[in-house]
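For the sequence shown, position 169 (counting from the first letter as 1) is numbered 168 according to numbering that gives the first Met the number 0, and the numbering increases by one without interruption.
Beta carbons are placed, not taken as given, at the ideal position from N, Cα and C, and that holds for glycine.
Note that this is a predicted model, so its numbers are computed, not measured.
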Amino acid sequence: MNLSLKPWNTFGIEHNARRIVCAENTQQLLEAWQSAVEHQQPVLILGEGSNVLFLEDFAGTVIINRIKGITISEEADAWLLHVGAGENWHQLVQFTLERGMPGLENLALIPGCTGSSPIQNIGAYGVELQRVCDYVDCVELSSGKHQRLTAKECRFGYRDSIFKHEYQDRVAITAVGLRLIKAWQPVLTYGELNRLDPATVTPQQVFDAVCHMRMTKLPDPKVYGNAGSFFKNPVINAEQAIALLAAHPQAPHYPQADGSVKLAAGWLIDQCQLKGTSTGGAAVHHLQALVLINAGQATSDDVVQLAHLVRKRVGEKFNVWLEPEVRFIGHAGEVNAVEVIA
Ligand code: NAP
Numbered sequence: 000m001n002l003s004l005k006p007w008n009t010f011g012i013e014h015n016a017r018r019i020v021c022a023e024n025t026q027q028l029l030e031a032w033q034s035a036v037e038h039q040q041p042v043l044i045l046g047e048g049s050n051v052l053f054l055e056d057f058a059g060t061v062i063i064n065r066i067k068g069i070t071i072s073e074e075a076d077a078w079l080l081h082v083g084a085g086e087n088w089h090q091l092v093q094f095t096l097e098r099g100m101p102g103l104e105n106l107a108l109i110p111g112c113t114g115s116s117p118i119q120n121i122g123a124y125g126v127e128l129q130r131v132c133d134y135v136d137c138v139e140l141s142s143g144k145h146q147r148l149t150a151k152e153c154r155f156g157y158r159d160s161i162f163k164h165e166y167q168d169r170v171a172i173t174a175v176g177l178r179l180i181k182a183w184q185p186v187l188t189y190g191e192l193n194r195l196d197p198a199t200v201t202p203q204q205v206f207d208a209v210c211h212m213r214m215t216k217l218p219d220p221k222v223y224g225n226a227g228s229f230f231k232n233p234v235i236n237a238e239q240a241i242a243l244l245a246a247h248p249q250a251p252h253y254p255q256a257d258g259s260v261k262l263a264a265g266w267l268i269d270q271c272q273l274k275g276t277s278t279g280g281a282a283v284h285h286l287q288a289l290v291l292i293n294a295g296q297a298t299s300d301d302v303v304q305l306a307h308l309v310r311k312r313v314g315e316k317f318n319v320w321l322e323p324e325v326r327f328i329g330h331a332g333e334v335n336a337v338e339v340i341a
């Protein structure tokens, strides 16, 4: 059977899978996984498909994680939320704000499901999931054994976690535990947020400002398919940073605690005059160079070729070699995205 994956990836790329299963609970998820394994088929578990690029037809089962439910409990200094992996992330942000539980407002409008949020430790406007994550519940696919990982055990890093390493393909995330501290502290260090007054600002105002920034700069996947930031912001060592900044003193750069320096990938791409550049149906977004879009009928080859061009141009100009943040999926599962676009 060939089923279209187009509705299941926000890039809107047309490829097929042999089977697509929406799992509403852990049991259904495990059954779908076991059935695929018995038939010697590859399996891919997706939330909303907002961070993937399908390179070809998937030769197995795609399981859509739709495990829902939110429960709230309270401690003296914090609200504790237990959120089903299949809950939409942005709706969760709204849900918490409506109930007077701030803390997620900087992470508004990030596409995808709650269960995907720990995988790459989603972050925006100075806040990362790890700031609010208490635990992650998962189930080991081969044994059905439930496991709760503390935030520390998740080994969160910059857009990184254990779920991209040892736990990749081994577990499915079933729920995320969040801890929202009642003594709310606004994070106003990024972009237009620094215009807000920390003494008087409300969580709703931060939420509105984040939504406004995102809506004016980022393409709506319902209009132009995309998977958010296509490339990671590169982190270079201090020596490389000195050389790069000597040649390009105006380059935005953010020193990290370990002495390395983070660069803004969008700026590097923009300096190569690539905004609006297209390959077939794929294009570099005209407002935000970090986002590659499906401008209409893009094939995965178009996106790969465009990503190759962007990486090559930035590499040649700055000697910084961009790596995709988006996960590339081949016929049998995830493949090395850097190798594909190199
Ligand atoms: P921006 O304000 O144009 O800044 C460009 C980059 O510089 C950002 O990616 C950010 O890195 C970094 N930056 C800016 N101000 C900083 C500060 N005060 N301290 C440290 N680093 C700083 O960014 P943008 O592209 O419009 O995005 C705004 C936020 O939304 C960013 O946090 C970005 O990561 C997030 N976002 C994420 C995705 C995604 O798909 N993952 C898509 C769109 C936007 P960081 O990325 O490390 O924060």
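Distance cut-off 7 Å: residue i Cβ against heavy atoms of the ligand NAP
i    : result
N232 : yes
P251 : yes
K216 : yes
A263 : yes
S116 : no
E324 : yes
L273 : no
A22  : no
S228 : yes
Y189 : yes
G122 : yes
L103 : no
Contact check, residue i vs residue j, beta carbons under 8 Å
i    : j    : result
Q296 : G280 : yes
L2   : A16  : yes
W88  : T113 : yes
V412 : V290 : Look at the range of the chain in this structure, 0 to 341, and you will see that residue 412 is not part of it.
F229 : E322 : no
P110 : S160 : no
G125 : L179 : no
F10  : A226 : yes
S277 : A294 : yes
Q129 : C137 : no
N236 : S259 : yes
V135 : V92  : no
L140 : R98  : no
Distance between residue j and residue i (C-alpha atoms, nearest Å)
i    : j    : result
P197 : A263 : 26 Å
M212 : S34  : 44 Å
V82  : D207 : 23 Å
H14  : S299 : 9 Å
A84  : I12  : 24 Å
I44  : E37  : 17 Å
A171 : A245 : 46 Å
N105 : E73  : 22 Å
L79  : P218 : 33 Å
L328 : V302 : Residue identity differs from the one stated: residue 328 is Ile in this sequence, not Leu. In a straight line, the C-alpha of I328 is about 13 Å away from that of V302.
I121 : L177 : 14 Å
V131 : S116 : 11 Å
Residues bridged to residue i (per DSSP)
i    : result
L28  : For L28, which the question treats as bridged, DSSP gives no partner whatsoever.
C137 : Q146 and I172
S3   : N15
W78  : E73 and L179
G83  : A174
V126 : A123
A281 : T278 and N293
G332 : G329
Interface flag, residue i vs chain D, CB-CB below 8 Å
i    : result
Y157 : Included in the structure is just one protein chain, with no chain D present.
Completely contained beta strand (DSSP E) runs for the stretch 284-326, where each covers 3 or more residues: The qualifying runs are 290-293.
Completely contained alpha helix (DSSP H) runs for the stretch 226-263, where each covers 4 or more residues: 237-246
Unbroken stretches of the alpha helix (DSSP H), 4 residues or longer, contained in the stretch 146-219: 202-216
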